[in-house]
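A.B. asks: Quick one: structure below, then a few questions.
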Amino acid sequence: MALLAAFWGAGCSDERTSLGNSAESGNPEIAGVLYFADGAVAARVRVLLVPDDFSVWRDSVDSLWTTWTDSLGRFEFSASPAEIFTLEAVDSVSGKQLVQMGISKDAENANILGYLENTGSVRLGAGNFENGTTGVVYVPGTTIFRPVTVEQGHLFVDSLPADSLCPLIFVADSGDSLEVNEPVLVVADSVTSVHFHSVSLRFRIPLDMTSSGIALDEDLRNFPLEIRLDSSDYDFRGLDRLQGAWNAVLCGDTLPLSLSYADAEKGTFAFWARVSKLRANAVDTLFLSFEENAEASSRTLENVFSDGFIAAWHFDEGDSEVWDATGNGFDGIPEEVSVAEEAAAGGALYYSGNKGSVTIPNSATGAFDLTLQSSATFSVWVKMEGLDMSRVVFARAHRNTT
-3 MALLAAFWGA
7 GCSDERTSLG
17 NSAESGNPEI
27 AGVLYFADGA
37 VAARVRVLLV
47 PDDFSVWRDS
57 VDSLWTTWTD
67 SLGRFEFSAS
77 PAEIFTLEAV
87 DSVSGKQLVQ
97 MGISKDAENA
107 NILGYLENTG
117 SVRLGAGNFE
127 NGTTGVVYVP
137 GTTIFRPVTV
147 EQGHLFVDSL
157 PADSLCPLIF
167 VADSGDSLEV
177 NEPVLVVADS
187 VTSVHFHSVS
197 LRFRIPLDMT
207 SSGIALDEDL
217 RNFPLEIRLD
227 SSDYDFRGLD
237 RLQGAWNAVL
247 CGDTLPLSLS
257 YADAEKGTFA
267 FWARVSKLRA
277 NAVDTLFLSF
287 EENAEASSRT
297 LENVFSDGFI
307 AAWHFDEGDS
317 EVWDATGNGF
327 DGIPEEVSVA
337 EEAAAGGALY
347 YSGNKGSVTI
357 PNSATGAFDL
367 TLQSSATFSV
377 WVKMEGLDMS
387 RVVFARAHRN
397 TT
């Protein structure tokens, strides 16, 4: 029957893709038309019929229940795979998907109408599993099967079709499982949260200014302090999926705080905090915290480098732009530089020594006009490759533009 259908489809004169496993012979038991969410016809989209008792662990979808829509988005099957089944459709070009579960075998199914949409995600609380636990999430009766990892006490399941899915089952590599037996409504381009909890992080950072630490013999005021966190402090994977605010407190005072660099996958973070007074010969504790769904306070949002600095560049933006962290507008234009693999703090740019520069336009005027300053201090962190050649680290050009 499949061979006859293929032969008949190849002989059609209207250049349409074959209409399912039955082509155009007889009355189809299952038929319909598919569109995209914007109303456009979903032409040449792969369509599957999946039995209600289908298991991704032991079964595969028979080619008898696989077809493609024609140029008008139509499809048909001569029979259904079971009394209850799931209709799935995937567009390999756009990634849009459709799932309709629980379709029953009756006369109404002779004209199914469906819309393919962008996929959505589900955030599922998994507090009984350690961060880093790997496994899969699947939906019985469908081909949905997604490898996942527990991050921040949750499972983030991506690329799910926008529909009501039930049940949703997580099976860890260890064999332990978690099952959601209530319908989970997946919304296109959104994250649906199920049994979740807000994430809170807190870090204690000692500031030892005594002889056993920094040996600071004089108070420093409005001091920009860099704070670094890495994977040895915490498993940060998945934190970039969360919305929230960082906060720094020292001796009961909230500090202006700026996130300079963040790579949650590598577990590397760099912050700048402005300490109103770094006490000499004292041991204090700075508390750095993250609260999901919280908003940063006005004090936290104050510019760390707004007091006492003409300009400050961290080189965290890559090799195409350089921003002035003070907000004074002395942004730079990088030329023939690349991003360095390592830095003293946050990011860095690599200069070959023969070429490469960052030009600061309009820096001959305003606060950067050195002819109006009795003195100025430039602080630059440089990692030298050697001392066998002379290199320019900071220079004043003879043009009026720098």
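Under our numbering, the first residue of the sequence shown is numbered -3, with each subsequent residue one higher. Think of the CB as a built atom: it goes at the ideal place given N, C-alpha and C, for glycine as much as any other residue.
Mark K92 as exposed unless 16 or more other C-beta atoms lie within 10 angstroms of its C-beta, in which case mark it buried.
C.D. replies: By the neighbour-count rule (16 or more Cβ atoms within 10 Å), K92 is buried.
A.B. asks: Please state the DSSP three-state secondary structure of R224.
C.D. replies: Residue state, collapsed to three classes: strand.
A.B. asks: Among S186, D169 and Q148, whose alpha-carbon lies nearest the alpha-carbon of P157?
C.D. replies: The residue with the shortest Cα to Cα distance from P157 is S186.
A.B. asks: Taking the DSSP output, what are the residues bridged to P143?
C.D. replies: DSSP lists V132 as partners of P143.
A.B. asks: Span of the beta strand (DSSP E) holding Q148?
C.D. replies: Where Q148 is concerned, there is no enclosing beta strand (DSSP E), given that its DSSP letter is neither H nor E.
A.B. asks: Kindly list the residues whose CB is nearer than 7 Å to the CB of F390, restricted to its own chain and excluding five residues on each side of it in sequence; keep chain order.
C.D. replies: Answer for F390: F374 and V376, listed in chain order.
A.B. asks: Where does the unbroken beta strand (DSSP E) through Q96 begin, and where does it stop?
C.D. replies: Taken as a continuous stretch (DSSP letters only), the beta strand (DSSP E) holding Q96 covers Q93 to S100.
A.B. asks: Taking C-beta to C-beta, are G352 and E331 nearer than 8 Å?
C.D. replies: Yes, they are a contact pair.
A.B. asks: Between the Cα of S194 and those of A241, P77 and D213, spot the shortest distance and give me the residue it belongs to.
C.D. replies: When only C-alpha atoms are compared, the closest one is A241.
A.B. asks: Less than 8 Å between the C-beta atoms of A343 and F364, yes or no?
C.D. replies: Checking the sequence shown, residue 343 turns out to be Gly, not Ala. No, Cβ-Cβ distance for G343 and F364 is not below 8 Å.
A.B. asks: Which residues in the same chain have their Cβ closer than 8 Å to the Cβ of S160, if we skip the five residues on either side of it in sequence?
C.D. replies: Excluding residues within five positions, the ones whose Cβ falls inside 8 Å are M97, P179, V180, L181 and V182.
A.B. asks: With a threshold of 7 Å, establish whether the CB of S256 neighbours any heavy atom of the ligand COA.
C.D. replies: For the ligand COA, the structure offers nothing, since it holds no ligand at all.
A.B. asks: Rounded to the nearest angstrom, what separates P136 and G248 at their Cα positions?
C.D. replies: Answer to the nearest angstrom: the Cα atoms are 53 Å apart.
A.B. asks: Between the Cα of D58 and those of P47, L68, T65 and G171, spot the shortest distance and give me the residue it belongs to.
C.D. replies: Comparing Cα positions, the closest option is P47.
A.B. asks: Does DSSP put W61 in a helix, a strand or coil?
C.D. replies: Here W61 sits in helix by DSSP.
A.B. asks: Within its chain, find whatever has a CB closer than 6 Å to the CB of V300; leave out the 5 residues flanking it on each side and keep chain order.
C.D. replies: Closer than 6 Å at the Cβ level, and outside the excluded window around V300, lie P220, P252, S254, W268 and R270.
A.B. asks: Return the chain-ordered list of same chain residues with a C-beta closer than 8 Å to the C-beta of T188, the five sequence neighbours on each side being excluded.
C.D. replies: Hits under 8 Å: G116, S117, V118, R119, V180, L181 and V182.
A.B. asks: Relative to the C-alpha of E25, which residue among A78, L68, A38 and D34 is closest?
C.D. replies: The shortest Cα separation from E25 among A78, L68, A38 and D34 belongs to A78.
A.B. asks: Using only the alpha-carbon positions, how far apart do H191 and P163 sit?
C.D. replies: The alpha-carbon atoms of H191 and P163 are separated by roughly 14 Å.
A.B. asks: Compare the C-alpha of V354 against each of V318, M380 and G382 and name the closest.
C.D. replies: Checked all of V318, M380 and G382; the closest Cα to V354 is V318.
A.B. asks: Which residue's Cα is closest to the Cα of A266: N243, L345 and D226?
C.D. replies: Among N243, L345 and D226, the Cα nearest to that of A266 is on D226.
A.B. asks: Kindly indicate which three-state DSSP category N243 falls into: helix, strand or coil?
C.D. replies: DSSP places N243 in strand when its eight states are reduced to three.
A.B. asks: Compare the beta carbon distance of M205 and L151 with 8 Å and say whether it is the shorter of the two.
C.D. replies: For M205 and L151, no; Cβs fall outside 8 Å.
A.B. asks: Give the single residue among D87, F73, V37 and Y230 whose Cα lies nearest to the Cα of R67.
C.D. replies: Going by the sequence as given, residue 67 is Ser instead of Arg. When only C-alpha atoms are compared, the closest one is V37.
A.B. asks: Beta carbon of L284, beta carbon of A260: below 8 Å?
C.D. replies: Going by C-beta atoms, L284 is not nearer than 8 Å to A260.
A.B. asks: Which value, in whole angstroms, describes the spacing of the CA atoms of A184 and E113?
C.D. replies: Those two C-alpha atoms are separated by around 6 Å.
A.B. asks: Just the C-alpha distance for Y230 and T130, rounded to the nearest angstrom, thanks.
C.D. replies: Computed Cα separation, rounded: 18 Å.
A.B. asks: Output the boundary residues of the beta strand (DSSP E) element that contains P202.
C.D. replies: That run of the beta strand (DSSP E) goes S196 to D204.
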